[in-house]
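S.K.: Per my numbering, the sequence shown starts with residue 4, numbered consecutively. C-beta atoms are modelled at their ideal positions from N, C-alpha and C, and glycine is treated no differently. Everything numeric in this text was worked out from a predicted model, so none of it was measured.
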Amino acid sequence: MIVGFYKVDDKYIGEDAGLKVGDMITKVNDNNISSIDDMISIINNTSKDKINITFIRNNKEMNTILPLIEDNNGIYKTGLYVKDQINGIGTLTYIDPNTKIYGALGHEIADKNTYKKVEIKDGKIFKSDVTGITPSKNGEPGSKEAKIYSDISYGNILNNTNKGIYGLVNDTLLNDNYIDVGSIKDIKLGNAKIRTVLKHNQVEEYDINIIDIDNYDETKNILFEITDKDLLDKTGGVIAGMSGSPIIQNNKIVGAVTHVVVNDTKKGYGIFITKMLEEGDKIE
Numbered sequence: 004m005i006v007g008f009y010k011v012d013d014k015y016i017g018e019d020a021g022l023k024v025g026d027m028i029t030k031v032n033d034n035n036i037s038s039i040d041d042m043i044s045i046i047n048n049t050s051k052d053k054i055n056i057t058f059i060r061n062n063k064e065m066n067t068i069l070p071l072i073e074d075n076n077g078i079y080k081t082g083l084y085v086k087d088q089i090n091g092i093g094t095l096t097y098i099d100p101n102t103k104i105y106g107a108l109g110h111e112i113a114d115k116n117t118y119k120k121v122e123i124k125d126g127k128i129f130k131s132d133v134t135g136i137t138p139s140k141n142g143e144p145g146s147k148e149a150k151i152y153s154d155i156s157y158g159n160i161l162n163n164t165n166k167g168i169y170g171l172v173n174d175t176l177l178n179d180n181y182i183d184v185g186s187i188k189d190i191k192l193g194n195a196k197i198r199t200v201l202k203h204n205q206v207e208e209y210d211i212n213i214i215d216i217d218n219y220d221e222t223k224n225i226l227f228e229i230t231d232k233d234l235l236d237k238t239g240g241v242i243a244g245m246s247g248s249p250i251i252q253n254n255k256i257v258g259a260v261t262h263v264v265v266n267d268t269k270k271g272y273g274i275f276i277t278k279m280l281e282e283g284d285k286i287e
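#1: Just the C-alpha distance for residue 56 and residue 185, rounded to the nearest angstrom, thanks.
#2: Please classify residue 175 as buried or exposed, where buried requires at least 16 neighbouring CB atoms within 10 angstroms.
#3: DSSP three-state label for residue 153, please.
#4: Name the DSSP bridge partner or partners of residue 67?
#5: What residues in its chain sit with their C-beta under 7 Å from that of residue 152, if we drop five residues either side in the sequence?
#6: Roughly how many whole angstroms lie between the Cα atoms of residue 126 and residue 169?
#7: Determine, using beta carbons only, whether residue 250 and residue 195 come nearer to each other than 9 Å.
#8: Within 10 angstroms of the Cβ of residue 40, are there 16 or more other Cβ atoms? Answer buried if so, exposed if not.
#9: Rank 20, 94, 280 by C-alpha distance to the C-alpha of residue 58 and give the top, closest one.
#10: Determine the closest residue to residue 171 out of 158, 165, 164, with distance taken between C-alpha atoms.
#11: For residue 49, which three-state DSSP category applies?
#12: Below 8 Å on the Cβ atoms is my guess for residue 25 versus residue 46; work out the distance and round it to an integer in Å.
#13: Counting only the same chain and skipping the five closest in sequence on each side, list residues whose C-beta sits under 7 Å from that of residue 111.
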């Protein structure tokens, strides 16, 4: 993914070639690439002063010619900042014990530079410990801070959709902690709870109040307000990393936290759990 441009000989050669931030490069000189290393290898083995770039923009395949400029050290400059991987902190929402399919986040993984959904070719979920909290303030959402154990994988990531990320977990996460699923009709205005982690990997329940239910938006179906004083004292409201936290009402899982209301961080949105389960069932 192209995430930015830099000047070469006082020109933005990448932009001049018609490329844009968010474009997904798929081929260089008609060779498929899936990593930055692939791209560098092809560039280093070319004898030309330009390369053919094939890229995806708005689900359409396009092509352009990108000039290469060699610096005094013999290194080719493309004028492109690119990335081929992304990581972050989120909350696992559910695991289906029969299929080992999990759902998490309740919204897509997007690149922070482009705000665009990233296409997942290969991904994993890892063990993590929450190490700190940056509290939310109205207008300034906070976040969880965590240590990621990249040597301890709990499963893969197969789909990245606007309703969350989905994949298969290994046996490490399977247990007997079952909960019934609530339908949309089961959700009522009033008291409910969310389950989330604020320290290490300890799951705690906190009180919320469901104040609106809306079935017309993809991921903002449940509007709620945090009423738990302990949670508000620690987080100031909904924070990044809380996405995916299960919403529980009457001992049923009914949804998952997805967004914060930026100008009133005590409030947030959730997606219906039935939407996440339907999305998870698309995994083959």
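M.R.: According to the structure data:
#1: Cα to Cα, the separation comes out at about 48 Å.
#2: exposed
#3: Three-state DSSP puts residue 153 in a strand.
#4: In the DSSP assignment, the residues bridged to residue 67 are 56.
#5: Leaving aside the five residues that flank residue 152 on each side, the residues in its chain whose CB is nearer than 7 Å to its CB run, in chain order, 129, 130, 131.
#6: So the two alpha carbons sit approximately 10 Å from each other.
#7: yes
#8: Taking all protein chains shown into account, residue 40 has fewer than 16 neighbouring C-beta atoms within 10 Å of its C-beta and is therefore exposed.
#9: 20
#10: Measuring from the Cα of residue 171, the nearest candidate turns out to be 158.
#11: coil
#12: About 21 Å separates the two Cβ atoms, so there is no contact after all.
#13: 120, 163, 164, 165
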